[in-house]
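Chain order of the listed sequences is A, B and C. Per my numbering, the very first residue in the first sequence carries number 1; after that it's consecutive. Per my numbering, the very first residue in the second sequence carries number 1; after that it's consecutive. Per my numbering, the very first residue in the third sequence carries number 1; after that it's consecutive. Just so it is clear, CB atoms sit at the ideal spot from N, CA and C, and this is done for glycine as well. Quantities reported herein were computed from a predicted structural model and do not represent experimental measurements. Presented below is the structure to which this report refers.
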Amino acid sequence: MMFEILMGLFFLSTVVMLVYLARHYVFTLTVLRRSRTFDNSKIVATSYYEPTVSILIPVRNEEYVIGKLLQQIAELTYPHEKMQVIVIDDASSDRTGEIIEAFATRYDFIEVLHRVKEVGGKGKASVLNFGLQFVTGEIVLFFDADYFPQRDIVNKLVREFIDLSVGAVQGRPVVFNESQTIVTRIVTLERIGGYRVGQEARDVLGLTPQFGGTIGGFRRSVLEEIGGFDESMLAEDTDLTFQVRLLGLGVSYVGDAECYEEAVCTWKAYWNQRHRWAKGHMQVCFKHSFSVLKSKKLTWKQKVDGLLLLHIYFVPVLTMLSFLAGASLVLFESSALVRALWFVLPLSFYSCVGNFAPFFEVGIGAYLDGRKRLQWLVPLLIFACLFNVLICTKAFLDVSAAKISGRGKNEWSKTKHVGIVNRYNENQLLRGKRL
Amino acid sequence: MEGRGKKVRRLATGFNRVLQFLFLETVILCSIFSLLFVNTESTIVLFIFDFLFISLAFQLIRTLSLKFGLLALGNLFGLFCNFIFDLLNIVGVKYLGEIFLVVYTISFPILNVSWIVTFWSLSLAALHNPINVTRNQP
Amino acid sequence: MTPANLFQIIAILVGTSVIFLIMFLPSIIELRKPKDSGPRMIMDELPDFLVRNHHVVMIPHIEEEQELEYSLLSQLTKIVQGLPSLEA
């Protein structure tokens with residue numbers, strides 16, 4: 001009986017991981033082929049499309065960075081008369097409010113909203129929902145305070161909306177503090193795999209690129225229809241991605257709309273950040289899996305990929321279970337099928353990192369980015385993989401426990417960056433409640 | 001003068017073809033040696049490496065000779081690694097007993113993929129071409 | 001356990017460690033002496049505060065690289081060109 005259970009678990013989990021491996025292989029092939037044939041007629045056609053744009057920037061205690069971002073925003077190439085920048089100061093206790101006020105006084109397209117301590121500090125989703133009440137632009141973009149965008153990023157992001165079937169856009173983050181620690185270098189590799197190859201392939205294949213919470217945006221009409229961000233979700237950006245998809249609209253990835261970001265630089269911060277992402281993503285999975293499956297607005301290809309994307313944070317858990325089951329079977333029973341699957345299994349280990357890109361995807365992404373020696377660090381991803389297995393397993397246990405007990409809990413988690421940035425990113429789990 | 005240039009080009013092309021054929025032969029021989037002198041699993045891993053390399057790295061814009069050369073080198077490296085691991089298994093089981101067999105059985109698949117990842121990353125660095133590498137395209 | 005066996009076991013362990021070292025040697029080299037550590041350039045000008053605060057060295061823009069890489073073929077072609085013509 002035990003043997004049958006182990007065999008079934010091992011077989012099923014290995015097959016699932018092979019499916020993910022095949023998916024990423026197709027992504028890598030797609031991006032490679034695209035890099036050889038490029039059609040720039042799309043840029044010419046859309047370069048004159050300039051709708052009104054609202055940019056929301058939620059901030060809390062960002063006195064060291066907000067000034068730099070707003071200065072860059074003031075120098076954006078997009079026509080200022082078509083831009084509305086709303087900076088939402090969420091009960092900051094430092095000089096953030098003063099700095100933003102100074103910019104608002106100087107530039108008439110920059111507005112400030114202050115939230116007092118009594119109503120503030122309830123999470124990023126809450127802040128953004130508050131800000132959404134004041135937007136007037138046709139397109140709403142979001143930037144975090146510690147990001148540093150290109151000057152023409154708004155032009156690049158907005159041109160995608162000329163296609164009426166596009167409901168959302170996502171740009172590309174580029175790690176700036178790459179050389180700081182080994183963690184930042186690993187995060188750089190993850191970002192390259194996930195964005196340069198993963199997101200781009202999903203865009204080219206008409207699947208579901210993900211909105212990452214920043215360097216992206218939506219049509220205002222779509223946000224109004226959806227009702228804004230779900231404040232009960234830890235990963236409100238992923239939730240919104242699927243809500244847009246379920247409306248039958250597309251998410252467009254704009255690879256050349258790039259923005260510098262500061263990556264986490266310690267293993268502790270990496271754990272906290274990824275743990276939050278994993279939990280949030282699993283919540284979204286539970287919320288949307290069935291809807292994606294029965295949606296009449298998605299093709300079968302989009303449904304399959306959507307489901308694979310929703311369940312992606314379960315893959316490391318599956319890898320661990322598969323490894324344990326496989327090890328037991330290989331030691332006590334050495335049939336040809338077991339041994340064959342056992343040998344395929346390790347290829348999936350290198351898939352369980354960060355943005356879930358296997359080593360070949362990360363390597364090709366770095367190659368296409370013109371990196372000469374960054375690929376030499378790819379073997380180190382095995383350590384990040386093992387770390388992610390632990391993170392996702394913990395997240396799975398936390399989410400399962402929360403579901404079984406039927407209780408949510410308030411959780412404050414701040415991703416702290418070493419150096420000049422204190423990133424505002426607080427999450428709150430309110431079961432079933434929307435503010 | 002032009003005729004001499006054409007001759008040189010033809011000679012170079014012929015030389016390239018011979019080189020590529022030699023590299024391909026090396027790849028095939030590695031697979032055969034792996035099957036005969038190591039084990040079946042190692043041969044399968046070599047095939048996986050060949051599949052990944054040919055389907056992905058061969059699409060990069062570099063000379064075919066270089067790609068075949070790296071493919072052959074990868075196979076030689078893989079064969080060497082698998083051979084060493086197999087020796088490790090034989091000697092380890094002989095002196096440390098069944099415990100070593102358990103450890104080896106569990107860790108061997110991961111060890112086997114490690115060399116693929118290392119060689120893959122080195123190959124991509126070797127195939128780097130600043131002229132032909134693309135930037136993000138809209 | 002005889003001294004010969006002990007020696008062989010030590011040899012196995014050393015050999016295994018060497019193999020692991022080889023597997024991670026490129027990564028160790030890049031970490032110790034990075035030649036590709038800077039962030040990728042995504043804009044023409046960067047404010048000083050970003051470069052200063054993060055102590056980064058920017059890697060050059062791809063299209064700005066002037067160095068050429070000579071493939072094995074080019075070098076061999078040069079050698080072949082130097083050979084006497086068979087027709088002459």
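Outcome for residue i when other beta-carbon atoms lying within 10 angstroms are tallied against a minimum of 16
{"i": "F119 of chain B", "result": "buried"}
{"i": "A97 of chain B", "result": "Per the sequence presented here, residue 97 of chain B reads as Gly, with Ala not at that position. It counts as exposed."}
{"i": "L36 of chain B", "result": "exposed"}
{"i": "R185 of chain A", "result": "buried"}
{"i": "A401 of chain A", "result": "exposed"}
{"i": "S405 of chain A", "result": "exposed"}
{"i": "Q71 of chain A", "result": "exposed"}
{"i": "T14 of chain A", "result": "buried"}
{"i": "M1 of chain A", "result": "exposed"}
{"i": "R219 of chain A", "result": "buried"}
{"i": "A336 of chain A", "result": "exposed"}
{"i": "Y260 of chain A", "result": "buried"}
{"i": "N5 of chain C", "result": "exposed"}
{"i": "Y48 of chain A", "result": "exposed"}
{"i": "W300 of chain A", "result": "exposed"}
{"i": "A11 of chain C", "result": "exposed"}
{"i": "Q133 of chain A", "result": "exposed"}
{"i": "L21 of chain C", "result": "exposed"}
Where the beta strand (DSSP E) through residue i begins and ends
{"i": "C259 of chain A", "result": "250-261"}
{"i": "F142 of chain A", "result": "139-142"}
{"i": "S289 of chain A", "result": "Unbroken run through S289 of chain A is the alpha helix (DSSP H), 267-294; no beta strand (DSSP E)."}
{"i": "S54 of chain A", "result": "53-59"}
{"i": "Q72 of chain A", "result": "Careful: Q72 of chain A lies outside any beta strand (DSSP E), inside the alpha helix (DSSP H) at 66-74."}
{"i": "V166 of chain A", "result": "166-175"}
{"i": "V87 of chain A", "result": "83-90"}
Proximity of residue i and residue j at Cβ, strictly below 9 Å
{"i": "G217 of chain A", "j": "V59 of chain A", "result": "no"}
{"i": "S291 of chain A", "j": "L246 of chain A", "result": "yes"}
{"i": "V187 of chain A", "j": "Y313 of chain A", "result": "no"}
{"i": "A462 of chain A", "j": "L124 of chain B", "result": "With chain A covering 1 to 435 only, the question about residue 462 of chain A has no answer from this structure."}
{"i": "D146 of chain A", "j": "E262 of chain A", "result": "yes"}
{"i": "V330 of chain A", "j": "V317 of chain A", "result": "no"}
{"i": "I99 of chain A", "j": "I57 of chain A", "result": "no"}
{"i": "V102 of chain B", "j": "A72 of chain B", "result": "no"}
{"i": "G78 of chain A", "j": "E50 of chain A", "result": "It should be noted that the sequence gives Tyr, not Gly, for residue 78 of chain A. Cβ distance < 9 Å, so Y78 of chain A and E50 of chain A count as in contact."}
{"i": "K124 of chain A", "j": "G213 of chain A", "result": "yes"}
{"i": "L46 of chain B", "j": "G78 of chain B", "result": "yes"}
{"i": "T43 of chain B", "j": "S55 of chain B", "result": "no"}
Endpoints, the alpha helix (DSSP H) within which residue i is located
{"i": "S405 of chain A", "result": "381-405"}
{"i": "I110 of chain A", "result": "Per DSSP, I110 of chain A belongs to no alpha helix (DSSP H); it is in the beta strand (DSSP E), 110-115."}
{"i": "F218 of chain A", "result": "Where F218 of chain A is concerned, there is no enclosing alpha helix (DSSP H), although the beta strand (DSSP E) it sits in stretches over 216-219."}
{"i": "A72 of chain B", "result": "64-96"}
{"i": "P316 of chain A", "result": "315-332"}
{"i": "E236 of chain A", "result": "236-246"}
{"i": "S55 of chain B", "result": "40-56"}
{"i": "Q210 of chain A", "result": "Unbroken run through Q210 of chain A: none, as it is neither H nor E."}
{"i": "D305 of chain A", "result": "300-310"}
{"i": "G8 of chain A", "result": "2-36"}
Nonlocal neighbours in the same chain, by C-beta distance under 6 Å from residue i, ignoring five residues either side
{"i": "R181 of chain A", "result": "The residue you asked about is not Arg; residue 181 of chain A is Thr in the sequence shown. If we look at T181 of chain A and ignore the five residues flanking it on each side, its Cβ neighbours are C265."}
{"i": "N16 of chain B", "result": "S65"}
{"i": "G306 of chain A", "result": "T208, V292"}
{"i": "V8 of chain B", "result": "none"}
{"i": "S295 of chain A", "result": "L246"}
Cβ neighbours of residue i in the same chain (closer than 7 Å, five flanking residues each side left out)
{"i": "F211 of chain A", "result": "A168, Q170, D237, L240, T241, V251"}
{"i": "V399 of chain A", "result": "K279, M282, Q283"}
{"i": "H61 of chain C", "result": "Confidence at H61 of chain C is low in this model, with a pLDDT of 44, below 50, so its placement is unreliable and no value can be given for it."}
{"i": "W342 of chain A", "result": "G326, V330"}
{"i": "E75 of chain A", "result": "R151"}
{"i": "R274 of chain A", "result": "N388, I391"}
{"i": "V91 of chain B", "result": "none"}
{"i": "V44 of chain A", "result": "Reliability of the predicted coordinates at V44 of chain A is poor, the pLDDT of 48 falling under 50, and no value is obtained from them."}
Closer than 8 Å: residue i CB and nearest the ligand MG heavy atom
{"i": "L318 of chain A", "result": "The model depicted lacks the ligand MG and carries no ligand whatsoever."}
Residues near residue i by beta carbon distance below 8 Å, same chain, minus five either side
{"i": "V389 of chain A", "result": "P316, V317, T319, M320, C352"}
{"i": "R23 of chain A", "result": "D305, L308"}
{"i": "G131 of chain A", "result": "L56, P58, I86, I88, L113"}
{"i": "L310 of chain A", "result": "F242, H281, V284, C285, H288, S289, V292"}
Practice item. Count the C-beta pairs between the stretch 96-113 of chain A and the stretch 204-213 of chain A that are closer than 8 Å, then say yes if the count reaches three, no if not. Key: With a cut-off of 8 Å on Cβ pairs, the stretch 96-113 of chain A is not in contact with the stretch 204-213 of chain A, counting fewer than three such pairs.
Practice item. Evaluate the contact criterion for the stretch 148-156 of chain A versus the stretch 227-245 of chain A: three or more CB pairs, one atom per stretch, below 8 Å. Key: At 8 Å Cβ cutoff, the stretches do not touch.
Exercise for review: For the stretch 221-228 of chain A and the stretch 189-202 of chain A, state whether three or more C-beta atom pairs, one from each stretch, are separated by less than 8 Å.
Suggested key: As far as the Cβ criterion goes, the stretch 221-228 of chain A does not touch the stretch 189-202 of chain A, which means the pair count is below three.
Check your understanding: Is there contact between the stretch 75-88 of chain B and the stretch 104-114 of chain B, where contact requires at least three CB pairs shorter than 8 Å?
Key -> A contact exists between the stretch 75-88 of chain B and the stretch 104-114 of chain B.
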